[in-house]
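Asks:
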Amino acid sequence: MAEDLAGLIRRMGEGAHVPEQDIRAVTAEADVAEALLDLSRRTAGLRQRSTELRAVMSSTRDLLSTTDAELLLHRIVDRAHELIELDIAYLSVYDASNEELYVRAATGTTSPRFLTMVVPAGIGLASLVARTRHPQWVEDYDALTSVPHDPVIDDILREEQLRSLVGVPLVVGDDVLGVLFGASRQPHSFRPEEISLLTTFAGHAALVLQTARLLQEATTATAQAAERQHAAEWAASLHGELTDLVVFGYGTDAVIGALGDALQRKVGLLDVAGKPVTGQLAGGEQRRSMRAHIERAVAGGKSIRLSSGAVELVAPVLAATGHLGAIVVERGRSPLTSVEQRAVERSAVIAALVTLRHDAVEQAEDRVRGELAVELFEPERRESGISRAAARGYAVAEPWVLFVAVLPPEQRAAALAGVRRRHEYLAAPVPTGIGVLAPLRCAGERGERIVAATGQPRVGGVYLHAPSLEGAAKGVEEAVQSSKLALGLGLGSGIAPVSTLAPYALLFGGDGGRLREFVADTLAPVIAWDSANGSQLVETLAALFDTRWSLTAASRELHIHLNTLKQRVQRLRPLIGDAADNPEARFRLEIAVRVEVARRALKET
Numbered sequence: 001m002a003e004d005l006a007g008l009i010r011r012m013g014e015g016a017h018v019p020e021q022d023i024r025a026v027t028a029e030a031d032v033a034e035a036l037l038d039l040s041r042r043t044a045g046l047r048q049r050s051t052e053l054r055a056v057m058s059s060t061r062d063l064l065s066t067t068d069a070e071l072l073l074h075r076i077v078d079r080a081h082e083l084i085e086l087d088i089a090y091l092s093v094y095d096a097s098n099e100e101l102y103v104r105a106a107t108g109t110t111s112p113r114f115l116t117m118v119v120p121a122g123i124g125l126a127s128l129v130a131r132t133r134h135p136q137w138v139e140d141y142d143a144l145t146s147v148p149h150d151p152v153i154d155d156i157l158r159e160e161q162l163r164s165l166v167g168v169p170l171v172v173g174d175d176v177l178g179v180l181f182g183a184s185r186q187p188h189s190f191r192p193e194e195i196s197l198l199t200t201f202a203g204h205a206a207l208v209l210q211t212a213r214l215l216q217e218a219t220t221a222t223a224q225a226a227e228r229q230h231a232a233e234w235a236a237s238l239h240g241e242l243t244d245l246v247v248f249g250y251g252t253d254a255v256i257g258a259l260g261d262a263l264q265r266k267v268g269l270l271d272v273a274g275k276p277v278t279g280q281l282a283g284g285e286q287r288r289s290m291r292a293h294i295e296r297a298v299a300g301g302k303s304i305r306l307s308s309g310a311v312e313l314v315a316p317v318l319a320a321t322g323h324l325g326a327i328v329v330e331r332g333r334s335p336l337t338s339v340e341q342r343a344v345e346r347s348a349v350i351a352a353l354v355t356l357r358h359d360a361v362e363q364a365e366d367r368v369r370g371e372l373a374v375e376l377f378e379p380e381r382r383e384s385g386i387s388r389a390a391a392r393g394y395a396v397a398e399p400w401v402l403f404v405a406v407l408p409p410e411q412r413a414a415a416l417a418g419v420r421r422r423h424e425y426l427a428a429p430v431p432t433g434i435g436v437l438a439p440l441r442c443a444g445e446r447g448e449r450i451v452a453a454t455g456q457p458r459v460g461g462v463y464l465h466a467p468s469l470e471g472a473a474k475g476v477e478e479a480v481q482s483s484k485l486a487l488g489l490g491l492g493s494g495i496a497p498v499s500t501l502a503p504y505a506l507l508f509g510g511d512g513g514r515l516r517e518f519v520a521d522t523l524a525p526v527i528a529w530d531s532a533n534g535s536q537l538v539e540t541l542a543a544l545f546d547t548r549w550s551l552t553a554a555s556r557e558l559h560i561h562l563n564t565l566k567q568r569v570q571r572l573r574p575l576i577g578d579a580a581d582n583p584e585a586r587f588r589l590e591i592a593v594r595v596e597v598a599r600r601a602l603k604e605t
């Protein structure tokens, strides 16, 4: 018996499970038996506790391998569900700002509404756990009257058919992170060991959760710092590139191109009317609406973001004298960052600077070219003007055209500005309008391109060709005299070579008014007869002068019968008096006829 008792004690010391009937069979005395039974129970409890703690530590090691806070919540409820062997485990995250709890993870649930539960402050078992920071449990939640209920929460719990609940706090220091729950669909009386096990696990889980949150915050902060550093480097690189463009004299097209490359989006520059000036952004927005957006941005003095449409950002290009338009950026897959927006705004400032500098250079260039044209038009300064033109790269030895546009005073400034936009043209004011010197290849045979450059709907004038710039410039006096005649004769938009009117300019000193009076006085009866009868007596006189009054030759030139011509001559005799027989009167009549024929021909052009 002694050996049997010794063996029994040895087995118990080794941690082996000894059935109660074996203890009673081996031990004769009741008090010894009871002592051994108590020892067996305590040993079994310690063994169970050791097993549970190993499970907790294993779960904790598993949790420590997860760094994502959201995934960690689901791991916690999964491990809790395995430890307590109840129907459901779920976790509510606590928001200290409003004392509400939000169900964020659950396992074993069937209701789709379960993960939408929000527990208001002071409601239910969860709020009691968060407030007391101690475990709370109930065998029948429906019968619980010690805490306020929420009808929505009660309805969701009834959908899940939950009866018994136990909740333990997730606490780190003074902070409540949430509440971990276990729940059963059958009435369940929670044993202290279950509550203790869940509490222990919750304590470990809270530390792991807090560590994961801190790690994620640190990781996020590091990423944000790196992103800020990258953004700062990106902005500095773009700013340096834009500065180089300004220093080396590039225009707005280069600024817009550099900005578009940096943003990897389409970027455009619009003028004050919303019309594209340069860039890749080509439409998608109505010009009227873009003009309204630009005006709104100008009024506020800063860029604006648009909530819809192809354009996301409008940054006004502002100058001291007003606004010059706006830079617009297309909408991308993600909104522009604040750094990118500031980069666009800086680019708008640089675009304004480049535009103003370009305008200043253009104005200076216009003045220089205008002064050069004036110099070429003045005989005493013409030689130095030719030298200056050659030094500036003008092909002075190529064929040139001189065009004198006859314009009223109110149109001359605009026409001069329009012509000076063409760098190959040299233009300056003249008494009858503006004079323009242009290479023949850039002007057109009759100065048509020069006329188009003036921007005026109806432009009349005279022109001459010359083999060189000097030859064209020397013809300015004769051209101005001819233009005066054209103006006096009312030629309107007609364009004529200087040679057509030059002979009469010499006779009448370029006074078109005197010439027009001379023609009217000399040919008044003939012109009146043609007007009243639809005849062609003026043309008949021109043919007679061309053929030295040979009736046969004149009839052939006019393509009429000789008898018809004789009838016309008979009609002319009383209208022209003795002009046909008096040499001096015939000379004056011929001049008047030729001027009138030229006037009619020029008026039709």
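Oh and the sequence shown: position 90 is 90 in full-length UniProt numbering, straight run, nothing missing. We put the beta carbon where it would ideally sit given N, CA and C, even for glycine.
Judging by CA-CA distance, which residue of Thr540, Ser196 and Asp150 is the nearest neighbour of histidine 561?
Replies: Nearest of Thr540, Ser196 and Asp150 to histidine 561, Cα basis: Thr540.
Asks: Using DSSP's beta-bridge definition, name the partner residues of glutamate 100.
Replies: According to DSSP, glutamate 100 bridges with Asp95.
Asks: Would you say isoleucine 88 and leucine 198 are within 8 Å of each other, going by their C-beta atoms?
Replies: No, Cβ-Cβ distance for isoleucine 88 and leucine 198 is not below 8 Å.
Asks: Give the range of the beta strand (DSSP E) segment to which valine 436 is assigned.
Replies: Start and end: 433–439.
Asks: What number of angstroms, rounded off, separates the C-alpha of arginine 588 from the C-alpha of alanine 479?
Replies: Arginine 588 and alanine 479: Cα-Cα distance of roughly 24 Å.
Asks: Short of 7 Å in beta carbon distance, which residues of its chain neighbour arginine 305, apart from the five on each side in sequence? Order them along the chain.
Replies: Correct list, in chain order: Glu312 and Leu313.
Asks: Which of the three DSSP states, helix, strand or coil, is assigned to tryptophan 137?
Replies: Strand at tryptophan 137.
Asks: Kindly indicate the opening and closing residues of the alpha helix (DSSP H) around isoleucine 386.
Replies: That run of the alpha helix (DSSP H) goes 382–391.
Asks: Within the chosen definition, does the segment 461–472 reach the segment 432–452 through at least 3 CB pairs nearer than 8 Å?
Replies: Segments in contact, yes.
Asks: Which first and last residues belong to the alpha helix (DSSP H) in which isoleucine 495 is found?
Replies: Here isoleucine 495 belongs to no alpha helix (DSSP H); instead the beta strand (DSSP E) covers 495–497.
Asks: From Ser111, Gly203 and Ile123, pick the residue whose C-alpha is nearest to that of proline 135; which is it?
Replies: With distances taken between Cα atoms, proline 135 lies closest to Gly203.
Asks: Going straight from the alpha carbon of leucine 469 to that of glutamate 424, what length do you get?
Replies: So the two alpha carbons sit approximately 12 Å from each other.
Asks: So what's arginine 47 in DSSP terms, helix, strand or just coil?
Replies: Model confidence at arginine 47 stands at a pLDDT of 48, short of 50, so the residue's coordinates are unreliable; what they give is reported in the following sentence. Of the three classes helix, strand and coil, the one that applies to arginine 47 here is helix, per DSSP.
Asks: Could you tell me the boundaries of the alpha helix (DSSP H) in which residue 607 lies?
Replies: Only positions 1 to 605 of the chain appear in the structure, and residue 607 is not among them; the question remains open.
Asks: Three-state secondary structure (DSSP) at arginine 305?
Replies: Three-state DSSP puts arginine 305 in a strand.
Asks: State the start and end residues of the unbroken alpha helix (DSSP H) segment that holds glycine 257.
Replies: Taken as a continuous stretch (DSSP letters only), the alpha helix (DSSP H) holding glycine 257 covers 252–263.
Asks: Starting from aspartate 546, follow its DSSP beta bridges and name the residues at the other end.
Replies: According to DSSP, which records beta bridges pairwise, aspartate 546 is partnered with nothing at all.
Asks: How far does the alpha helix (DSSP H) with alanine 126 in it reach, from first residue to last?
Replies: Note, alanine 126: alpha helix (DSSP H), 124–132.
Asks: At what residue ranges does the segment 142–197 contain a whole run of the beta strand (DSSP E), taking only runs of 3 or more?
Replies: Counting whole runs of 3 or more residues, the segment 142–197 contains the beta strand (DSSP E) stretches 164–172 and 175–184.
Asks: What is the rounded straight-line gap between the Cα of threonine 200 and the Cα of serine 308?
Replies: Spanning the two alpha carbons is a distance of roughly 54 Å.
Asks: At what residues does the beta strand (DSSP E) containing glycine 268 begin and finish?
Replies: Glycine 268 -> beta strand (DSSP E) spans 267–270.
Asks: I believe valine 172 touches glutamine 229 by the beta-carbon criterion, under 8 Å. Please report the beta-carbon distance rounded to the nearest angstrom.
Replies: With 8 Å as the limit, valine 172 and glutamine 229 do not qualify as a contact, their Cβ atoms being about 32 Å apart.
Asks: Any idea which residues DSSP pairs glycine 325 with across the strands?
Replies: Partner(s): Val317.
Asks: Is glycine 300 helix, strand or coil when you go by DSSP?
Replies: Glycine 300 falls in the helix class under three-state DSSP.
Asks: If I'm right that alanine 299 touches leucine 324 with Cβ under 8 Å, what's the distance once you round it to whole angstroms?
Replies: Wrong, their Cβ atoms sit about 15 Å apart, outside the cutoff.
Asks: Cα separation between valine 176 and threonine 243?
Replies: So the two alpha carbons sit approximately 54 Å from each other.
Asks: So if DSSP puts alanine 466 in a beta bridge, which residue, or which two residues, is it bridged to?
Replies: Trp400.
Asks: When DSSP labels each residue in this structure, what does proline 429 get in the three-state scheme?
Replies: Proline 429: strand per DSSP, three-state reduction.
Asks: Return the CA-CA distance between alanine 579 and alanine 585, expressed in angstroms with no decimal places.
Replies: Cα to Cα, the separation comes out at about 5 Å.
Asks: Using 10 angstroms around the beta-carbon of threonine 116, count the other beta-carbons present and answer buried if the total reaches 16, otherwise exposed.
Replies: Result: exposed.
Asks: Does DSSP put threonine 107 in a helix, in a strand, or in coil?
Replies: Note: threonine 107 maps to strand in three-state DSSP.
Asks: Helix or strand or just coil, what does DSSP make of alanine 395?
Replies: Coil.
Asks: Verify whether the separation of the beta carbon atoms of alanine 373 and alanine 428 is less than 8 Å.
Replies: Taking 8 Å as the Cβ cut-off, alanine 373 and alanine 428 qualify as a contacting pair.
Asks: Looking at the unbroken alpha helix (DSSP H) that takes in valine 419, where does it start and where does it end?
Replies: It spans 409–420 - the alpha helix (DSSP H) in which valine 419 sits, taken as one unbroken run.
Asks: Taking contact to mean at least 3 C-beta pairs separated by less than 8 Å, is the segment 377–389 in contact with the segment 439–452?
Replies: Contact between the segment 377–389 and the segment 439–452 is absent, because fewer than three Cβ pairs lie under 8 Å.
Asks: Out of Val129, Pro187 and Tyr141, point me to the one whose CA is closest to leucine 170's CA.
Replies: Selected option, being the one with the closest Cα: Val129.
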